[in-house]
Structures are given as C-alpha cells and as structure tokens.
Amino acid sequence: MNLRNPRMRLRSFGALESFTREAQRIVELDQLASRLTELIVRAFQASAASLMLPAYPSGNFVIASSVGSTSPSYRLYLKEDDLLLCWLKNNDGIVRFSDLDIIPQLQALPARQKEEFSRIGAELFVPLKNQDRLVGILILGPKQHGKRFSKKDLNYLGALCPQVAKGLENACLYHEIQERAAQLSLIAELGKVIASGLDYQAVMEAFLKELKKLINVDLAAILSIQRKSVKVFALMTDLEVPWKMGDTVPLEGTATAWLAANMRGLIETDLDQQRRFSTGELLLQHKIRSVIYLPLICRGEFVGSFVLGSLQPASYKEKDLIMLEQLSSYMVIAIENSLLYNLEKEQRSRLETVDQQRNEFLSAISHELKTPITSVKVSAEILAKEHDLAQDSSGAELLENIGHSIERMERRVAELLDFAKLQGAGLQLSPEPVDLHNVFAETISLMTPLSLSKQQTLELKVPPSLPVVMLDKRRLEQILLNLLSNASKYTPGGGHIQVTARMEHYNLLVQVRDNGYGIPASEQELIFKPYYYSKARTEAPSLGIGLAITKSLVELQEGRIWVESQPGQGSTFSFILPLESPENPPRKESGERIESADNRG
Amino acid sequence: MLPRESLIHWRDRKTLWRKYCGFLDLSIQEFMAIQRELLLEQMELVSGGILARKIMSDAKPGSIEEFRSLVPMTTYDDYRPYLEEQREDVLAETPVCWVHTSGRDSEFKWVPYTLRAYQRLIDSLVSALVLASATRKGEVRLRKRPRIMFHLPKRPYLAGQFAFGLSQRIACQPIPPIETFERMSPDERQEEEMAMVKRHGVDFIFSLPGNLAEMGALFAERLNQDGSIPFSPLSPRRNLQMIRTKLAAKLRDKPLRPHHWCRPQGIICIGADSHFSRDDIHYFWGQRPYDIYLATETGCLALPAWGGADMTFTPFSGFLEFIPEEEWTKTSGPPDTLLLNELEAGKRYEMVVTSFYGMPFLRYRLGDIIKVNTSGYRDSLPQIVFEARSNDIITHGPLELSEKKLWQALLNSGLRCQDWFVVSDHAGLELYLELKGELGWEMEQLVAGAKTLITAGNGKLGREDSGSHLRVNILPRGTFRRYYEEAQAAGLDPTCTKPVHINPPDSLVRRLIPGHGVEKIRVS
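Protein sequences appear in the order of chains B and F. So for the first sequence, this note's numbering puts the first residue at 1; every next one is plus one. So for the second sequence, this note's numbering puts the first residue at 1; every next one is plus one.
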C-alpha cells in the first residue's frame, strides 16, 4: 500500500481511526459488527457488506451483521472444515468470488453455498486475522456504479484488516466471556429449578422465567411423539392460541418429524419469509415470527420436541440453539422425574383405594355374618337345653359339632373384623394394668384342651418376677392365642410347645417355641402377609390372616415380631413389646431381677 | 450449455494454469478435504432419487465412514434395469445427455451425465490440452482457436461428446467441423480429417491410440502417393512450409510421415492400449501420446503432469476407493477398501469410484487395476499407471499374464499382427492371432518370445512336465476385418470395435474362429 499518497493515507487513517474509536466505545459485539460493516461500505463504496464471526461455542462462522441491498440468509454459515474457511485460515490474501472457480482447493465448494454467495452479490472474501488467527470474514458486495475493486482497494483493505481484526477479537472475547458467564449462571439456576420440584409444569414455568432473561420467548411448548401423531404435552404462552394440552396433530410434515429424523435443533429465522413445516403456518397466524425447535432425547431415544417462539424475527441465533440443546437434556430429566413421580403417586393412590375398599368389604361381610352366626348359636343352645339329649347320642354329637363349627365361624368372623379394623386403622387399644403371669396362665389353660387332644405338651416358662404393666390384655391374649394355635397346628402329635417370657430392659420379650415342621426360609417373611398360608402342609386351609393380625397387633403396640425356623426342626416365634416409660416403671417384687439385654442368658 | 472460458481469450496463462492444472499441487490433505466435501454434497444430491435410495437402502450417510460402511459396492448390473431404458424418473437430477460405452459382451452400458459432471469432464479435457502441450510447469501453449482433430467415435459414445463440449467451452476449430461430424461415415470422416490436416495442420489430436496409429500409417501412405500440395491463399506461411517439407523429403529420399506435414502440440489418447501403439504414434505423428485415464461412468479420473507417463488423480470426478490386491480373492463378504492417503507405492489396486454432481454411480467397481509407482512429480499425491482391466488378467498358479504382457510378448517376437485374443483354461493358453506378414521364421520368434515371457514369470506353462501348454492358432487373413464389418453393421462404431483380447465371451470367440483354416502350433 502506498501510504505516500496523501489521499490514500487520509482515507486509510480516517477509516482506521473511526473504527478504532468505535471499537473502544462499543463493547457490544453486535453493535460493533454492525458499525464496522457500515464503515466499510462507506469507505469502499461497496453496495453491500456482511461480517461473519465465529459463534460460541461451535466455532462455526455465522453472519453477525449485514448492510446493503440483499440480506444474506441467516442460515449461511461456514463450518470448521468447510473448504472456504480452511483456505482463509491457512492462506493470506483476499479471495474474489471468481477465485472460487480457479483455486483448486475452492472448486469443490458446495453448490448451495456458492449460490447463496452469488445471491448476496459477494465479490470479495476478506479474512480478518489477528496474528494469524482468523477472527472474522468480511464479505463485500460489488462496488457501486458498476465499478470494480481495484488493486489499490485491495491493498487498502489489506492494511486495514489487522487493526480491524484486533478490535473485533477483543470484542469477541469479551462477548464470549459474557456469554459463558450468563450461560453458567443460567445452568446453575436451572439446575436448582429442576432439583426443586417434581411438578413439571412448575419446573417449566421456572425454566422459562430464567430463560427469558437471555432470549425472547413468547411461546413455549413441549410436544411428545406418539407413533404417528404429536401431542401437546405442555404449553406456556400469554398469546391467544387455539391449542391446549392434550391436543394432537398428525406427525407428518411437522417440525417434530424432522427433528426425529435429524436429531438436531433447527432455527427458523422468519416464518414470514420461509416456513419449512406445517406448524410454521399455524404459528405465523398467531404472529410468531422466529422459532427454535429442539429435540428432546432421553437415553438416546427421541421422545419429543421443545419449541420456543418469538414475536420478533431473527430472535434466535446459533449460539442460542447450542445453549438450549444442552439445557434441553436437563429438562428431559426433570420431566421424566416428574412423570415417574406422578405415576408412582397414582399407583399408590390406586392401591390405597383398593385396600380401603377391601377392608370395607371385609367389615361389611363380617357384620353381616355375625348376626346369623349368633342366631344359629343361640338356637343350637336352646335346642340342646330343650331336648336334653344324652351325651353319647348321635343328636348330642351333632349338636356338639354345630357348636364347634359355630365357634370356629365366630372366630373367623372376629378375625376378619379385627383385620379390617387394623387395616383401616380403626382398632383402638385399651391399655390397663395387667399381671403378666395371669395372662400367660389363662392363655395356657385355654390352649390346654387343644394340645391335649393332639397329645402335645404345653410348657410355660416365665420368671416369677414379671411385673404388672400397662397393656391391652385382650390383645395380648389374642397374640398369644394366635401364636399358640399356629404352633399347635404346625406341630405333629406328641410334639412340644414352650412359651417363655422375660423382661429386656423396658421391653417384654415373649417366645413361642415348637418342635414342629418348621418354615422354609423363603416363606418366613411371607407368612406375616395377609391371605398367605403355607401350602406345604395339608391341614385345612385357613384365611391366612392370623399372623397378619398378630403382626399388626404387635406393631400397633410399637412392637416387633419375627420367626426363626428350620424346616424339620420347629419354629420360634418371638415378639417384643415396649412397656410403660420410666415415669411408670414396672413394679419389682423383692428378690426379682429385671433381666436386661446385657445379661440375658 | 457450457459457459465459454474467457481465460484463454484474455491469455491469462497463470490463472489458466492454476484453474486447470492446479490440482497437481494439492497436498494429500487438501485432496481428501475436496473429496469429502464433494462426497457429502453428492449424498445430499442423490438422496432424493429412487435409484440411489434403492442402492443405499434409504440410508443417509453423513460422513465418509458411514458411507463406506452403509453403502454396498455396485457393478453395472445394479443399475442396468434402470439405465438400459434411460429412465430419468429414478435419477436425482435430470441429465443433459446420455452416453454409452460398449461393454465386454458388446452390450451397451448407458450412462446419464448431469450438467456439472459434463462440465467437469470437458474441463478435464482443457486440462489435458494444457498439460499435453506443456514442457514445464506453468507453461500454457494453448492458442486462442486451436485446431483440434477428434478422431473418436460418434455420440452416443462419451468420446463423441468431446468435440461438442470443447467447442462450447473454448473457441476451437474442430476437425472435422461440428456440423458435419456426425453425418459422415467413419471412412468419410477419416478422409476429411486427413484432408483438413494436410491443408491446415492440426494443433491437438484426440483419439483412441490404435486408431490413431492406423490412421497415421494410412496418412503416410497417402502423403507419399499423392504429390499435390493443398495451397491456401490465406496461409502463405503454411504454403511455404508445405513446399519446404515436400522438397526436403524428396532430397533425402525418405517417405513423408504426417508429422513432417504438421506437428501437433499434443496428442491425447484415451483407452487402455496406448502402450502398444505409442511407438507407432511417435513414428507417424512425431510425439508420444498423452494418455488420460477416463471412464465413461465417471469422467476423467487421472492425468499425467507435463511430459510424464505417470498420472495424478484429480479429486473432482469421483470419490476414490481402492481394493488392495490381497482382497481380490476374498470369498466371504465384500472386500475392504483404502483411501488415497493409504496407498503404498509399488502396489496394485482395483478402482472403486463414487461419482459426483448427482451422477448415479455409488461405490462402483470399474474393473480397472492401477499400480502406484514410486517415482513421480510429487511426493504427496500418489503417481499411478493403468495396469489392466481386472477381467484381462490370466492367472495360472504363480504365473500372471495381462493384456499388456501379452502385447509385449508379441512385440518382442517381432511379429506384426492385425489383432489377437487369448483363451485360457485349466490346460493352458490358446492364443489366436491374425498375422500381417507371412508365417515362417517369425513364428519361431513368437514361440521364443512367448516362452521367454512365460518362463520369466516363473510359471510352468509351456513346459512339458507341467501338463499345460501354450498353443498358437493362426487365424486366416481377413478374420478381424470381417468382424469389424459385422460389428459396424450391428451399430457399433468401428473405432470402438476392438474385440476383448483376454478370454473374450464365447459368442465373440465363435464369431472370430472360423470352422476351418486355422493353423495350430503348440509351443512347449
């Protein structure tokens, strides 16, 4: 460049000074880029100029600003491995449009790219380099009035470019830092939002609220894909739109179909200029001008799309797309969590309803049965008295059978009622001072006839020092009777059943041991579940709720029940009940010792 | 159809060289980048076409690796049902012309050319013109309106398009003129060519090598028979040159040859058999031919640099893959391929090409074998020579004979033969040839030459203990002329009627071998 030419020098320094001043004054990259292209157009009398700058974080060069007659499509961009970009990075010098047919490395430029450059009238591609780093690309349109860019123009540009590049790079770096900081901040906020709640609607609203701080959003929707249709999963907008949640449209021709096929996001810069999908038409009708479509991908599978729309055209840039692609993955997780939570809640509620209905049924049935059973019992008693049958007569035997059956039925009905109450949390305890010796003794005496009939021995082994405690006597008896009757049922004739009890600190530990058939390990948890009975034995099946009731009664009193058993070697059912607090400690008689957990033998 | 190249008009030699010959200076990375870009563009272009979707099973590869793993290798049989009927509805782009090539069985293979592919082909011919006439790097001797003789078959052969395409692209003077090119019969055309060359001279010649050698012989004969000088009032310098040439020949008492009359700047030959006609062409026309590697299905694939015999691939005609020799005999699964940057010097490869610019051929096995040489213009881009067609290699145990080797054996024998072919079976080789001279001591030379060739190849062929033989069969005079006449009558251009030399199809053998009159000589 001949700087001795005063006019050239003036132009050169003038333009440089202008730009340098601008670069110091303007920190916003967009503004600086716009100002630069205006200055260049004026200084070189070009009909148009566009500036391409690298987008963060992809590094693709995209149109940052444009001045002149024909605006470039905002879809025009150069990827890192594009031939033109590689050439400009690795070579110095300005490239003319005609060079695209001459330089072998550029002859293979894609036809669509060439067509776009031709459409915008690109004549010169000027690399802006700062110390061999390509900072931007200036695309100049043809000179005004049909003139051509002379060698002097090119020299002048060559001299100007390094300074321009320097100013731009600083602005780019500043911009990039700002972007990164904003993104990190947004991601942090969104992370909190996503972790904070399980209601996806609330999550989306919070998400959008944060997002609006960075980009324009006038409409947001999540669409889920369902075979051949698209369903509106969520919709947030203040605009009057005809769609609502749950609406479906056919999949074909929609942006969602495109996203499913391509698995990457897409920006439609201005729906008024071009609409690729049927959804675009609908959006434009409601004044949405620019749209960003994002795929929602969960575990590698496409599950739906996320659509953001703005009333302003060209609201979204590639950097927004890249940022949102990262954030959409978090959103998918949030939605998935929310859906799973709701599903679980629904199922739990359903189960609770079923449970309640069953218990109400049981209760109703039991009450319905109680009255006729009582009637039959009374009738049998009256019959026995009136006819005064001989003890060994068949009639007497029949009456005895009737009596036993009625008793069994009464017990079953009572069990059902208790079970229903326990499930429905309707059963109330009535604690009273209880002499444990008496309770055990009475229970043993009740069981004695049964055990004698099976020639089983029944042994009670309790220390004399058992205190008087506050317990529901009836329920304690019920627990003991259930365990003893089970022990008797599952012990063969001639077997031995032992009941032991002791105090462990402020807890009562009771064990019912038998040398019966034992319980396989796989069933030891199951036997406490309602309606379960061991099918290994051939005794008459029962309702299978005895142990369930026992367990419920123990747990109702804040106790615990368990079994230890080996098949063929008998079982030991143990339960422990916490007794009164130290304010009402158990009474001790002289010479008695309260066994503690430390010295149980 | 094609825009006129203005660089020649403006004599911008530097730019012209860069545009048409700059590919010679590409680094291997740049070459591969161009290939990648064009391949990805090709995927975008053809993915909407029915034929391509069928070949690719609706796959849409987004990278070279995906392309090579998803798209199977193809042969013409995969395209025949559609291209034979010239169906354009299955293509991604409407072609600007249809061309054909005669296949091994003389069945035509039709090929559609898109506009960009056609333009790229013609540009390759411009490159050939520049390089064929250059003596050093950067030299462009192309004049503004060069006289170019197209001694080539008519359309719809691809070569028939050269005259039309080139005359659109550059201002040139085709011989014969475009207007009469296709109206003439081959003999008429040849006569017209000789007459025009005699009258005006010629700057460049495009031809098939064997045909040009024959034409050279005929032209020389005419020149020596006909004493007249075709004076032109508009070319006094030319008139003087012709007088001087005639006088010099008379004084030296040496026969005139075409190159005495006019010395072309470049002779560009297409076809695999220029090796055998090089000397003849040099003798008659004054310079060795500049061979270009061109396939009807893909266009021009490789060109030599100035003055060289080894060729450099151009990255613009097709995506190149290479099947290494160790994969040729693979029986299970498709063979693996290599890319250009993986080739090794000294090794042979079979070509697999994917066309660009919307042309239909994807991973197309051309059936051509090339060899990568060690020497060449550039160290980075491999330098190659055309070795053989894959069908034209005979293997007997360790012995490998190609058409080239057999031609060489015939040349070494000193025999002058009209044409020949060889049929191989488990027992040995049956060589059939029609001689130009008489049988006699020349046959002893043939036998000796063939034996030398075979034993040099470490084979047992022809040795008594091997059980295999070489038998030479002398065909009666006129066998091949009769064949050419029948082929011409069937619609084949006589310039393209060379029979297949190695294991021709049975139908061709039956036509060539008469029931009697064949002399058999066993060589062992």
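Note that beta-carbon positions come from the ideal geometry of N, C-alpha and C, so glycine has one too. Since this is a predicted model, take the numbers as computed values, not measurements.
Residues of the stretch 18-33 of chain F whose Cβ lies closer than 8 Å to any Cβ of chain B, in chain order: Arg18, Lys19, Gly22, Phe23, Asp25, Leu26, Glu30 and Ala33
Contacts of aspartate 614 (chain B) in chain F (Cβ-Cβ under 9 Å): Residue 614 (chain B) lies beyond the range of chain B shown here (1 to 601); nothing can be said about it.
Residues, ordered as in the chain, of the stretch 107-122 of chain B that lie near chain F by beta-carbon distance below 9 Å: Gln107, Ala108, Leu109, Pro110, Ala111 and Arg112
Three-way DSSP call (helix, strand, coil) for isoleucine 561 (chain B) in this model: For the purposes of this step, residue 561 (chain B) is taken as the residue at position 561 of the first sequence. It is a strand residue.
Close-in-space but distant-in-sequence residues of the same chain around threonine 237 (chain B) (CB under 6 Å, 5 per side omitted): Looking up residue 237 (chain B) in the first sequence gives position 237. The residues are Leu219.
Opening and closing residue of the beta strand (DSSP E) in which proline 382 (chain F) lies: As a working note, residue 382 (chain F) is residue 382 in the second sequence. Looking at the DSSP string, proline 382 (chain F) is not in any beta strand (DSSP E), and its letter there is neither H nor E.
Beta carbon proximity, aspartate 82 (chain B) to chain F, threshold 9 Å: Here residue 82 (chain B) is taken as the residue at index 82 of the first sequence, counted from 1. It does; some Cβ of chain F falls within 9 Å.
Interface residues of the stretch 305-330 of chain F facing chain B [CB-CB below 8 Å]: Pro315 and Phe316
Cα-Cα separation, glycine 59 (chain B) to lysine 79 (chain B): Numbered from 1 along the first sequence, position 59 holds the residue referred to as residue 59 (chain B). Numbered from 1 along the first sequence, position 79 holds the residue referred to as residue 79 (chain B). If I take the Cα positions, the gap works out to 8 Å.
Proximity test, Cβ basis, 9 Å: proline 127 (chain B) and chain F: Numbered from 1 along the first sequence, position 127 holds the residue referred to as residue 127 (chain B). No - not a single Cβ of chain F is within 9 Å of the one on proline 127 (chain B).
Contact under 9 Å by Cβ, leucine 308 (chain B) with threonine 256 (chain B): Your numbering for residue 308 (chain B) matches position 308 in the first sequence. Your numbering for residue 256 (chain B) matches position 256 in the first sequence. Not closer than 9 Å, so no.
Opposing strand residues paired with glycine 299 (chain F) [DSSP bridges]: Locating residue 299 (chain F) in the second sequence gives position 299, counting from the first residue. Looking at the DSSP assignment, glycine 299 (chain F) forms a beta bridge with F:Ala295.
Length of the line joining the Cα atoms of aspartate 253 (chain F) and phenylalanine 150 (chain F): Position 253 of the second sequence, counting from 1, holds the residue named residue 253 (chain F). Position 150 of the second sequence, counting from 1, holds the residue named residue 150 (chain F). Taking the straight line joining both Cα atoms gives about 32 Å.
Contact under 9 Å by Cβ, proline 153 (chain F) with glutamine 488 (chain F): The count along the second sequence starts at 1 and reaches residue 153 (chain F) at position 153. The count along the second sequence starts at 1 and reaches residue 488 (chain F) at position 488. No, the pair does not count as a contact, with Cβ atoms beyond the cut-off.
Under the three-state DSSP convention, the category threonine 245 (chain F) falls into: Working through the second sequence from its first residue, we reach residue 245 (chain F) at position 245. DSSP places threonine 245 (chain F) in helix when its eight states are reduced to three.
Within-9 Å CB hit, glycine 376 (chain F) to chain B: Indexing the second sequence from 1 puts residue 376 (chain F) at position 376. Residue placement at glycine 376 (chain F) is poorly supported in this model, since its pLDDT is 46, which falls under 50; the coordinates still yield a value, given next. Chain B contact via Cβ: absent.
Below-9 Å beta-carbon distance, leucine 338 (chain F) vs any chain B residue: Start at 1 with the first residue of the second sequence, and residue 338 (chain F) comes out as number 338. Answer no: the Cβ-Cβ gap between leucine 338 (chain F) and chain B never drops below 9 Å.
Where glycine 546 (chain B) falls, given that 16 or more other Cβ within 10 Å makes a residue buried: By one-based count along the first sequence, residue 546 (chain B) stands at place 546. Buried: at least 16 other Cβ atoms inside 10 Å.
Anticipated Cβ contact below 8 Å, valine 434 (chain B) with valine 468 (chain B), distance rounded: One-based indexing of the first sequence puts residue 434 (chain B) at position 434. One-based indexing of the first sequence puts residue 468 (chain B) at position 468. Confirmed, Cβ separation roughly 7 Å.
Neighbourhood of aspartate 203 (chain F) by C-beta, 7 Å cutoff - its chain only, sequence neighbours within 5 removed: For this step, residue 203 (chain F) is matched to residue 203 along the second sequence. Arg143, Pro146, Arg147, Ile148, Pro264 and Gln265.
Proline 250 (chain B) versus glutamate 37 (chain F): straight-line alpha-carbon distance, rounded: Locating residue 250 (chain B) in the first sequence gives position 250, where the first residue counts as 1. Locating residue 37 (chain F) in the second sequence gives position 37, where the first residue counts as 1. Going from the Cα of proline 250 (chain B) to the Cα of glutamate 37 (chain F) covers about 36 Å.
Per-residue DSSP class, three states only, for leucine 239 (chain B): Numbered from 1 along the first sequence, position 239 holds the residue referred to as residue 239 (chain B). Of the three classes helix, strand and coil, the one that applies to leucine 239 (chain B) here is coil, per DSSP.
Rounded C-alpha distance that separates methionine 263 (chain B) from proline 295 (chain B): To locate residue 263 (chain B), count along the first sequence from 1; it is residue 263. To locate residue 295 (chain B), count along the first sequence from 1; it is residue 295. Whole-angstrom Cα-Cα distance: 6 Å.
Presumed contact (8 Å Cβ cut-off) between valine 193 (chain B) and alanine 206 (chain B), rounded CB distance: What you label residue 193 (chain B) is simply residue 193 of the first sequence in a count that begins at 1. What you label residue 206 (chain B) is simply residue 206 of the first sequence in a count that begins at 1. Yes, valine 193 (chain B) and alanine 206 (chain B) are in contact; Cβ-Cβ is about 4 Å, under 8 Å.
Close beta carbons around arginine 11 (chain F), own chain, < 6 Å, minus the five adjacent residues each side: Within the second sequence, numbered from 1, the residue matching residue 11 (chain F) stands at position 11. Same-chain partners within the cutoff: there are none.
Residue environment, valine 378 (chain B), which counts as buried when at least 16 other CB atoms sit within 10 Å: Looking up residue 378 (chain B) in the first sequence gives position 378. So valine 378 (chain B) ends up on the exposed side.
Contact under 9 Å by Cβ, leucine 266 (chain B) with arginine 276 (chain B): Position 266 of the first sequence, counted from the first residue, corresponds to residue 266 (chain B). Position 276 of the first sequence, counted from the first residue, corresponds to residue 276 (chain B). Yes, they are a contact pair.
As assigned by DSSP and simplified to three states, the class of tyrosine 483 (chain F): To locate residue 483 (chain F), count along the second sequence from 1; it is residue 483. Helix at tyrosine 483 (chain F).
Which residues DSSP lists as bridging histidine 501 (chain F), in chain order: On the second sequence, position 501 is the one that residue 501 (chain F) refers to. DSSP lists no partner for histidine 501 (chain F).
Leucine 38 (chain F) at chain B interface by Cβ criterion, 9 Å: Numbered from 1 along the second sequence, position 38 holds the residue referred to as residue 38 (chain F). Chain B contact via Cβ: present.
The stretch 512-521 of chain B in contact with the stretch 484-503 of chain B per 3-pair CB rule at 8 Å: yes
Test: glutamate 41 (chain F) CB closer than 9 Å to a CB of chain B: Position 41 of the second sequence, counted from the first residue, corresponds to residue 41 (chain F). Yes, its Cβ sits closer than 9 Å to a Cβ of chain B.
Simplified DSSP assignment, three categories, for threonine 457 (chain B): On the first sequence, residue 457 (chain B) is found 457 positions in, with the first residue counted as 1. In this structure, threonine 457 (chain B) counts as strand in the three-state DSSP scheme.
CA-to-CA distance, leucine 362 (chain F) to proline 3 (chain F), given in whole angstroms: For the purposes of this step, residue 3 (chain F) is taken as the residue at position 3 of the second sequence. For the purposes of this step, residue 362 (chain F) is taken as the residue at position 362 of the second sequence. Going from the Cα of proline 3 (chain F) to the Cα of leucine 362 (chain F) covers about 28 Å.
Span of the beta strand (DSSP E) around isoleucine 63 (chain B): Position 63 of the first sequence, counted from the start, is the residue given in the question as residue 63 (chain B). Where isoleucine 63 (chain B) is concerned, the enclosing beta strand (DSSP E) stretches over 61-68.
Within 9 Å, strictly: CB atoms of alanine 59 (chain F) and valine 46 (chain F): As a position in the second sequence, residue 59 (chain F) is number 59, starting the count at 1. As a position in the second sequence, residue 46 (chain F) is number 46, starting the count at 1. It is not a contact, given that the beta carbons lie outside the stated cut-off.
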